[in-house]
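Just add 25 to wherever you are in the sequence shown, counting from 1, and you've got my numbering. Glycine included, each C-beta is placed from N, C-alpha and C at the ideal position.
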Amino acid sequence: MREYTSVNDTKVMGPEGMEKFCEDIGVEPANIVMLVLAWKMDAKRMGFFTEQEWVQGLSDLQCDTIQKIQSRLEYLRSLLNDPNHFKSIYRYAYDFAREKDQRSMD
């Protein structure tokens, strides 16, 4: 994760780090698989992964290299085809995308 964080905050991957990470795994930041990955990591803020979210999420996926993450992308996409996972991801995405004090999406 260190290669994706800023020198000012080595415990959080922000938008610039996220862009580099996406480039490294060969996925556009807007690709749906990134939302599924954020769900799997239980990320609290869009465009950011904390060190804890990163470590726990990649541990759950059994990934410790970029190549292993790339090999799990199809699995992450396949979760959208399972009705129970889709429902959970949809609910997560709704809360993830809206402003914290917002009650509905415009």
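{"Check": "Kindly indicate which residue of Thr35, Asp34 and Met59 has the alpha-carbon position closest to the one of phenylalanine 46.", "Outcome": "Met59"}
{"Check": "Can you confirm whether the segment 90-110 touches the segment 50-65 when touching is taken to mean that 3 or more C-beta pairs between the two stretches lie within less than 8 Å?", "Outcome": "yes"}
{"Check": "Using the Cα positions of arginine 116 and aspartate 85, report the straight-line distance between them to the nearest angstrom.", "Outcome": "20 Å"}
{"Check": "When you compare only the Cα positions, how much space is there between lysine 112 and glycine 72?", "Outcome": "22 Å"}
{"Check": "Quick check on the burial criterion: 16 or more other C-beta atoms within 10 angstroms. Buried or exposed for arginine 94?", "Outcome": "According to the sequence provided, residue 94 is isoleucine. The question's arginine does not apply to it. Under this definition isoleucine 94 is a buried residue."}
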